[in-house]
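Take 23 as the starting number for the sequence shown in this note's numbering and just add one per residue.
Beta carbons are placed, not taken as given, at the ideal position from N, Cα and C, and that holds for glycine.
This report refers to the structure that appears directly beneath it.
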Amino acid sequence: MFVSVLCGFSISLPEKVEALEGSCVFIPCTFNIDEDYKDDLTDTAKRLWYKDGKPAVLVFDSSSPDSGQLKGEIFGKATEKRCSTRFDNLKLTDSGSYYLRLEGSGRLQYNYMKPQHSYVEIVVKASPPNPTVLLFQDQQEVMEVTEGKSVTLSCFKIFCPSLPSSLTWSSSPEHLINANIPKLQHQNQTHYYSDLMFTVTHHHHRAEFTCTATQQQITTHSTRQLHVQYAPKSVSAHVSPAGVIVEGHSVTLSCSSEANPAVKYSWYKHTEGDLKPPTGPNLTIININRSHSGRYYCRAGNQHGTQNTSVLLDVQCKY
Numbered sequence: 023m024f025v026s027v028l029c030g031f032s033i034s035l036p037e038k039v040e041a042l043e044g045s046c047v048f049i050p051c052t053f054n055i056d057e058d059y060k061d062d063l064t065d066t067a068k069r070l071w072y073k074d075g076k077p078a079v080l081v082f083d084s085s086s087p088d089s090g091q092l093k094g095e096i097f098g099k100a101t102e103k104r105c106s107t108r109f110d111n112l113k114l115t116d117s118g119s120y121y122l123r124l125e126g127s128g129r130l131q132y133n134y135m136k137p138q139h140s141y142v143e144i145v146v147k148a149s150p151p152n153p154t155v156l157l158f159q160d161q162q163e164v165m166e167v168t169e170g171k172s173v174t175l176s177c178f179k180i181f182c183p184s185l186p187s188s189l190t191w192s193s194s195p196e197h198l199i200n201a202n203i204p205k206l207q208h209q210n211q212t213h214y215y216s217d218l219m220f221t222v223t224h225h226h227h228r229a230e231f232t233c234t235a236t237q238q239q240i241t242t243h244s245t246r247q248l249h250v251q252y253a254p255k256s257v258s259a260h261v262s263p264a265g266v267i268v269e270g271h272s273v274t275l276s277c278s279s280e281a282n283p284a285v286k287y288s289w290y291k292h293t294e295g296d297l298k299p300p301t302g303p304n305l306t307i308i309n310i311n312r313s314h315s316g317r318y319y320c321r322a323g324n325q326h327g328t329q330n331t332s333v334l335l336d337v338q339c340k341y
């Protein structure tokens, strides 16, 4: 979203929006005017869209939305400083740059034009744009989620009243979407939504959720991979080499786990504290003897928790 400002006049527009040929496009838009003109802004003020060119062409008039070169709907009142617009039944030739003109009563006649203000570029394609998939936790958009939290995957696309469409979900692995997961379908004046709501576990880490949009027998899709943070799980330890451990040899104790983010490992013996220096996942004992016998514990931890495991080391005399 680009915001341009000049002497109290400003406009907020996306730099580019995409649409399918024969479909519609939605342009989110708000504006401000200089305080000196506030009395001239009434609900009858016209919000006009022009296609840039030589000359510029008037394509939409909010006072007669069905009579221009582009037909559609403008949302909100002029006094609310809203100019969000939907254009319907777009053609490939409608691609181009567009700017807003405001015509109020009295002196308020203003073009939100370059170089002081931004334009919106409409790109009409023969194939439809992909739907958008966002991830929410605690009603905030996030990139990562935490195990045990309730999350929402929200898929949406532009709502065109004249062109029914559908949104469906799939997952990899497949079993992550089932009848127990609520799927909420809803729409407003501008967008059609499908929401998946569920509680995340570590099994969702790196899982992929795909939203497929179908319109005019054409399908497009967007995929979102989940990144789940969780405490260490499945902590295990083993001794290498395996088998009987004899004095004078070397052994390595290794610890592994599943976690996100990565864990820090520490080894300690039941009769001592943490072994120094810090060991990491592997503890190598060189020239082992009977005094090294005992139970060794591995602790794996990150900011979400810790988990321990142990392994018994039984050193045999060398004969």
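(request) Could you say which of S127, L92, P137 lies nearest to S32 if we only look at CA atoms? (result) P137
(request) Report the option in R108, K76, R246, C51 whose CA atom is closest to the CA atom of T174. (result) R246
(message) On a Cα-Cα basis, can you pick out the residue from N282, G327, V261, G323 that is closest to L305?
(response) V261
(message) For the beta strand (DSSP E) containing V250, name the first residue and the last one.
(response) 250-262
(message) For E57, which residues in the same chain have their Cβ closer than 7 Å to its Cβ, ignoring the five residues on either side in sequence?
(response) G30
(message) Bridge partners for T107 per DSSP, in chain order?
(response) I49, I96
(request) Return the first residue and the last residue of the beta strand (DSSP E) that D217 is part of. (result) 213-221
(request) Please report the residue range of the beta strand (DSSP E) in which F178 lies. (result) 172-180
(message) What residue range does the beta strand (DSSP E) around F189 cover?
(response) For the record, residue 189 in the displayed sequence is Leu; it is not Phe. L189 -> beta strand (DSSP E) spans 187-194.
(request) Within the same chain, show all residues whose beta-carbon is closer than 7 Å to that of G337, passing over the 5 residues directly before and after it, in chain order. (result) Per the sequence shown, the amino acid found at residue 337 is Val instead of Gly. Excluding positions up to five away in sequence, the list reads I267, E269, I310, N311, R312, H314, S315.
(request) Would you mind working out which of P77, L92, G75, A67 sits nearest E102, comparing C-alpha positions? (result) A67
(request) Work out the CA separation of E40 and D48 for me, nearest whole Å. (result) Before going on, a small fix: residue 48 reads as Phe here, not Asp. Going by the C-alpha atoms only, they are around 9 Å apart.
(request) Return helix, strand or coil for E3, following the three-state DSSP convention. (result) Any question about residue 3 goes unanswered here, given that the chain covers just 23 to 341.
(message) Once the 5 residues before and after C105 are set aside, which same chain residues still bring their CB inside 7 Å of it?
(response) C51, T52, F53, R69, I96, L122
(request) Apply the 10 Å Cβ neighbour rule to D65 and answer buried if 16 or more other Cβ atoms are within range, or exposed otherwise. (result) exposed
(request) Determine the direct distance from the alpha carbon of L124 to that of H139, and round the result to whole angstroms. (result) 13 Å
(message) H326 and Y252 - do their beta-carbons sit closer together than 7 Å?
(response) yes
(message) Using C-beta distances below 8 Å, list every residue in its chain close to S192, excluding the 5 sequence neighbours before and after it, in chain order.
(response) I199, F231, T232, T234
(message) How far does the beta strand (DSSP E) with N330 in it extend, from its first residue to its last?
(response) 327-335
(message) Buried or exposed, going by whether 16 or more other CB atoms sit within 10 Å of the CB of I20?
(response) The structure shown does not extend to residue 20, since the chain spans only 23 to 341, so no value can be given for it.
(message) Just list the residues that DSSP pairs R342 with in beta bridges.
(response) The shown model of the chain, from 23 to 341, leaves out residue 342, and the question about it has no answer.
(request) Spell out the partners DSSP gives N282 in its beta bridges. (result) Y252
(request) To the nearest angstrom, report how far apart E43 and V79 are at their CA atoms. (result) 20 Å
(message) Given this structure, state the Cα-to-Cα distance separating H225 from Q209, to the nearest angstrom.
(response) 31 Å
(request) Answer yes or no: do T331 and A259 have a C-beta to C-beta separation smaller than 7 Å? (result) yes
(message) Whole angstroms are fine: how far does the CA of K255 sit from the CA of A281?
(response) 6 Å
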